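Novice:
2 protein chains.
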Amino acid sequence: MKPAAKDNPRSPEHLEAQRNRILDASEECFIKYGFHAASMARVAETAGISQGLAYRYFKSKSAIILAIIERQLTERQSITEECSSAEDYVRKILGIVESWSNADFSRMNPVLFLEMCSEASRDPDVQAAITRADSEYRSDFKKWMQNLADKSGVSLSEEEISKRFYALQCLIEGTALLVTRQEQRTTSNEWVLSFIRQIVTP
Amino acid sequence: MKPAAKDNPRSPEHLEAQRNRILDASEECFIKYGFHAASMARVAETAGISQGLAYRYFKSKSAIILAIIERQLTERQSITEECSSAEDYVRKILGIVESWSNADFSRMNPVLFLEMCSEASRDPDVQAAITRADSEYRSDFKKWMQNLADKSGVSLSEEEISKRFYALQCLIEGTALLVTRQEQRTTSNEWVLSFIRQIVTP
DNA sequence: CATAAATGAATGACCATTCATTCCTTCAAA
DNA sequence: TTTGAAGGAATGAATGGTCATTCATTTATG
């Protein structure tokens with residue numbers, strides 16, 4: 002019997018695991034110190050590897066941030082695919098906003114998101130990656146919203162759905178921005194939740 | 002006759018002008034490169050002074066970011082004071098959101114705002130400064146909203162107004178976050194404006 | 001002349017990236 | 001089954017550069 006593939010340094014599984022270890026460590030460090038203030042030395046230390054090895058897996062430090070965006074996109078796609086019903090979709094969105102409001106950042110970290118947006122305003126590659134992610138989200142939302150409208154016998158134009166998506170983004174990302182600087186939440190976000198419900202009502 | 006005080010290096014006016022020059026240059030550089038990636042050399046060059054001089058006016062680089070927040074707070078206070086009527090207040094808020102949507106960042110720069118929030122998640126001093134600014138904004142809003150409710154004969158609790166303010170912040174800051182990464186706006190933000198109007202309706 | 005503003009070169013730390021080297025697995029030949 | 005060569009994975013010290021901050025010195029004013 003062959004040894005377990007996972008422990009074999011030559012196996013594709015090992016390579017991908019290493020890659021993910023580096024991405025995990027990078028996320029951790031970017032959140033803790035910020036993208037520019039996080040050194041590759043600390044990323045390597047956090048990942049438990051040597052500094053040089055990181056450059057076997059990623060061409061440069063900024064290549065890592067692109068890979069993080071890509072990975073998040075992939076993870077999200079699998080989530081979307083497994084949520085079949087329309088109710089699932091909005092429940093998932095509300096779930097993320099509410100978990101953030103309760104300082105639960107396990108699903109998607111708002112500080113990391115901020116860090117990426119900051120970088121997007123300067124690095125065109127990062128901007129392109131995020132724009133691509135945005136349009137995937139939008140097209141998902143369109144599909145879902147169109148379907149919901151059809152069931153209610155309401156007709157919604159492409160443009161109308163785009164406007165709603167823009168408002169939805171504002172609310173989600175506004176929440177992300179707010180929670181990054183509040184030690185503890187004291188205010189309820191029921192207005193935000195009510196607005197989100199308005200948006201998803203045909 | 003004495004020479005004009007403005008050109009006199011010993012006058013308090015000159016000292017404050019220098020200080021503001023450094024703050025202006027810092028804002029410009031933080032927007033352009035990000036807080037950690039902007040070097041003091043470049044800040045000094047942008048301000049047209051020597052590197053050492055910046056340290057006569059600010060103890061350290063992070064002291065500058067605190068001073069920027071303080072200065073914005075001061076500027077905003079004078080704006081609030083000069084807007085007497087209730088209509089003025091909401092017109093001002095709508096004006097900011099709409100100017101951002103039209104890529105006009107002259108009033109308050111969203112990228113700079115992002116940079117500060119990022120830093121707040123790591124530097125407690127920055128967090129404290131922003132929290133202080135937040136509560137000034139909130140107390141302004143409370144005063145204004147309470148007044149508006151009274152005129153309409155509606156009674157609004159402190160808590161209710163806090164909730165509305167939280168939602169207002171979400172919408173404003175969500176817009177800020179979105180505009181930092183879109184090359185050109187294609188979507189109208191009429192839903193966002195409608196939500197803001199709901200918030201300010203007693 | 002005394003004093004404060006301003007300079008800019010110097011300092012020591014730290015950074016991203018590279019590369020000569022070592023470690024480890026594979027696999028074909030004995 | 002053992003051997004050893006081949007080559008990819010991993011190391012970590014070295015490199016060249018940049019950074020924030022300091023300070024001896026110069027400049028300008030009252």
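Those protein sequence lines, which keep their order, are chains A and B.
So for the first sequence, the working numbering puts the first residue at 2; every next one is plus one.
So for the second sequence, the working numbering puts the first residue at 2; every next one is plus one.
The C-beta atom is built at its ideal place from N, Cα and C for all residues, glycine as well.
Note that the structure is predicted; figures quoted are calculated from it, not measured.
So, at 8 Å on beta carbons, what are the nonlocal neighbours of K33 (chain A) in its own chain, with the 5 sequence-adjacent residues on each side left out?
Specialist: Taking the first sequence and counting its residues from 1, the one referred to as residue 33 (chain A) is at position 32. These residues qualify, in order along the chain: A39.
Novice: In angstroms with no decimal places, state the Cα-to-Cα distance between K164 (chain B) and G154 (chain B).
Specialist: On the second sequence, position 163 is the one that residue 164 (chain B) refers to. On the second sequence, position 153 is the one that residue 154 (chain B) refers to. Distance between the alpha carbons of K164 (chain B) and G154 (chain B) is about 20 Å.
Novice: Assign G35 (chain A) to buried or exposed, taking buried as 16 or more other Cβ atoms, counted over all protein chains shown, within 10 Å of its Cβ.
Specialist: Stepping through the first sequence from its first residue, residue 35 (chain A) is reached at position 34. Counting Cβ neighbours within 10 Å, G35 (chain A) comes out buried, since at least 16 surround it.
Novice: Starting from the beta carbon of L178 (chain A), find every residue of chain B whose beta carbon is closer than 9 Å, and list them in chain order.
Specialist: The residue labelled residue 178 (chain A) in the question sits at position 177 within the first sequence. Neighbours of L178 (chain A) on chain B, chain order: F114, L115, C118, Q170, C171, E174, G175, A177 and L178.
Novice: With a threshold of 8 Å, are at least 3 pairs of Cβ atoms found where one atom belongs to the segment 67-87 of chain A and the other to the segment 184-197 of chain A?
Specialist: Too few Cβ pairs lie closer than 8 Å, so no.
Novice: State yes or no: is the C-beta of D124 (chain A) within less than 8 Å of the C-beta of S61 (chain A)?
Specialist: Within the first sequence, the letter at position 123 stands for residue 124 (chain A). Within the first sequence, the letter at position 60 stands for residue 61 (chain A). No, the Cβ-Cβ distance between D124 (chain A) and S61 (chain A) is not below 8 Å.
Novice: May I have a chain-ordered list of the alpha helix (DSSP H) segments no shorter than 4 residues that lie completely inside the segment 152-203 of chain A?
Specialist: 159-180 and 191-200
Novice: Thinking V91 (chain A) and V201 (chain A) are a contact (beta carbons under 8 Å), I'd like their distance in whole angstroms, please.
Specialist: Sequence index remark: in the first sequence, residue 91 (chain A) carries index 90 (1-based). Sequence index remark: in the first sequence, residue 201 (chain A) carries index 200 (1-based). So it is a contact: roughly 5 Å between Cβ atoms.
Novice: Which term fits K3 (chain A), buried or exposed, when burial requires 16 or more other beta carbons within 10 angstroms of its beta carbon?
Specialist: Numbered from its first residue, the first sequence carries residue 3 (chain A) at position 2. The predicted model places K3 (chain A) with a pLDDT of 32, which falls under 50 and marks its position as unreliable, so this point remains unresolved.
Novice: If you measure between the beta carbons of E137 (chain A) and L74 (chain A), is that distance less than 8 Å?
Specialist: Position 136 of the first sequence, counted from the first residue, corresponds to residue 137 (chain A). Position 73 of the first sequence, counted from the first residue, corresponds to residue 74 (chain A). Yes; because the gap between Cβ atoms is below 8 Å, this pair is in contact.
Novice: Just to confirm, is the Cβ distance from F114 (chain B) to A177 (chain B) under 8 Å?
Specialist: Looking up residue 114 (chain B) in the second sequence gives position 113. Looking up residue 177 (chain B) in the second sequence gives position 176. Contact flag set, yes.
Novice: Hey, how far is the Cα of R11 (chain A) from the Cα of V44 (chain B)?
Specialist: Residue mapping note: residue 11 (chain A) aligns to position 10 of the first sequence, counting from 1. Residue mapping note: residue 44 (chain B) aligns to position 43 of the second sequence, counting from 1. Going from the Cα of R11 (chain A) to the Cα of V44 (chain B) covers about 48 Å.
Novice: Residues of chain A with CB closer than 8 Å to the CB of A18 (chain B), please, in chain order.
Specialist: By 1-based counting over the second sequence, the position of residue 18 (chain B) is 17. In chain order: nothing, as chain A lies at least about 29 Å away.
Novice: Using a Cβ cut-off of 8 Å (strictly closer), state whether N190 (chain B) contacts chain A.
Specialist: Start at 1 with the first residue of the second sequence, and residue 190 (chain B) comes out as number 189. So, interface residue.
Novice: Would F142 (chain A) pass as an interface residue toward chain B - the criterion being a Cβ-Cβ separation below 8 Å?
Specialist: Reading the first sequence from its first residue, position 141 is the one you call residue 142 (chain A). Output row for F142 (chain A): interface = no.
Novice: Looking at the unbroken alpha helix (DSSP H) that takes in G96 (chain A), where does it start and where does it end?
Specialist: Taking the first residue of the first sequence as 1, we reach residue 96 (chain A) at position 95. Taken as a continuous stretch (DSSP letters only), the alpha helix (DSSP H) holding G96 (chain A) covers A87 to S102.
Novice: Check whether the Cβ of G96 (chain B) lies closer than 8 Å to any Cβ atom in chain A.
Specialist: By one-based count along the second sequence, residue 96 (chain B) stands at place 95. No, G96 (chain B) lies away from the interface with chain A (no Cβ there is under 8 Å from its Cβ).
Novice: Looking at A134 (chain A): is its Cβ nearer than 8 Å to the Cβ of I70 (chain A)?
Specialist: Along the first sequence, one-based indexing puts residue 134 (chain A) at 133. Along the first sequence, one-based indexing puts residue 70 (chain A) at 69. Yes, the pair counts as a contact, with Cβ atoms nearer than the cut-off.
Novice: May I ask which residues mark the beginning and end of the alpha helix (DSSP H) holding I50 (chain A)?
Specialist: Locating residue 50 (chain A) in the first sequence gives position 49, counting from the first residue. Element bounds for I50 (chain A): n/a, residue is neither H nor E.
Novice: Within the same chain, show all residues whose beta-carbon is closer than 7 Å to that of F31 (chain A), passing over the 5 residues directly before and after it, in chain order.
Specialist: Reading the first sequence from its first residue, position 30 is the one you call residue 31 (chain A). Excluding sequence positions up to five before and after F31 (chain A), its CB lies within less than 7 Å of the CB of A39, L113 and E116, all in the same chain and listed in chain order.
Novice: Which two residues bound the contiguous alpha helix (DSSP H) that contains P13 (chain B)?
Specialist: Position 12 of the second sequence, counting from 1, holds the residue named residue 13 (chain B). First-last of the alpha helix (DSSP H) with P13 (chain B): P13 to Y34.
Novice: Could you give the distance in angstroms between the alpha-carbon of S102 (chain B) and the alpha-carbon of I50 (chain A)?
Specialist: As a first step, residue 102 (chain B) is located in the second sequence; it is residue number 101 there, counting from the start. As a first step, residue 50 (chain A) is located in the first sequence; it is residue number 49 there, counting from the start. Rounded to whole angstroms, S102 (chain B) to I50 (chain A) spans 45 Å at the Cα level.
Novice: Cutting at 6 Å between CB atoms, please list the residues of its own chain near D141 (chain A), excluding the five before and the five after it.
Specialist: Locating residue 141 (chain A) in the first sequence gives position 140, where the first residue counts as 1. Close CB contacts of D141 (chain A) within its chain, under the 6 Å cut and outside five residues either way in sequence, are with T81 (chain order).
Novice: Buried or exposed: L16 (chain B), going by 16 or more other Cβ atoms within 10 Å of its Cβ?
Specialist: Here residue 16 (chain B) is taken as the residue at index 15 of the second sequence, counted from 1. Answer is exposed; the Cβ neighbour count stays below 16.
Novice: So which residues of chain B does V193 (chain A) contact, with C-beta pairs closer than 8 Å?
Specialist: Here the question's residue 193 (chain A) lines up with position 192 in the first sequence. Those are Y167, A168 and C171, listed as they occur along chain B.
Novice: Run the proximity test for Y90 (chain B): is its beta-carbon closer than 7 Å to any non-hydrogen atom belonging to the ligand SAM?
Specialist: Absence of the ligand SAM is noted for the structure shown, with no ligands found whatsoever.
Novice: What's the C-alpha gap between A55 (chain B) and A18 (chain B)?
Specialist: The residue given as residue 55 (chain B) occupies position 54 in the second sequence. The residue given as residue 18 (chain B) occupies position 17 in the second sequence. About 13 Å.
Novice: Given a cut-off of 8 Å on the beta-carbon distance, is the pair L95 (chain B) and I197 (chain B) in contact?
Specialist: Within the second sequence, numbered from 1, the residue matching residue 95 (chain B) stands at position 94. Within the second sequence, numbered from 1, the residue matching residue 197 (chain B) stands at position 196. Result yes, Cβ atoms of L95 (chain B) and I197 (chain B) sit closer than 8 Å.
Novice: Look up K60 (chain A) in the DSSP assignment and say whether it is helix, strand or coil.
Specialist: As a position in the first sequence, residue 60 (chain A) is number 59, starting the count at 1. K60 (chain A) falls in the coil class under three-state DSSP.
Novice: From the DSSP output, in three-state form, read off M109 (chain A) for me.
Specialist: By 1-based counting over the first sequence, the position of residue 109 (chain A) is 108. Three-state DSSP puts M109 (chain A) in coil, outside helix and strand.
Novice: Got a sec? Which residues, its chain only, sit under 7 Å from S122 (chain A) by beta carbon, not counting five neighbours each side?
Specialist: Locating residue 122 (chain A) in the first sequence gives position 121, counting from the first residue. Correct list: empty, nothing qualifies.
Novice: Determine, for T47 (chain B), whether the minimum Cβ-Cβ distance to residues of chain A falls below 8 Å.
Specialist: Indexing the second sequence from 1 puts residue 47 (chain B) at position 46. For T47 (chain B), the answer is no, since every Cβ of chain A falls outside 8 Å of its Cβ.
Novice: Does the distance from the CB of G175 (chain A) to the CB of E120 (chain B) come in under 8 Å?
Specialist: In the first sequence, residue 175 (chain A) corresponds to position 174, counting from 1. In the second sequence, residue 120 (chain B) corresponds to position 119, counting from 1. Pairing G175 (chain A) with E120 (chain B) gives a Cβ-Cβ distance that is not under 8 Å.
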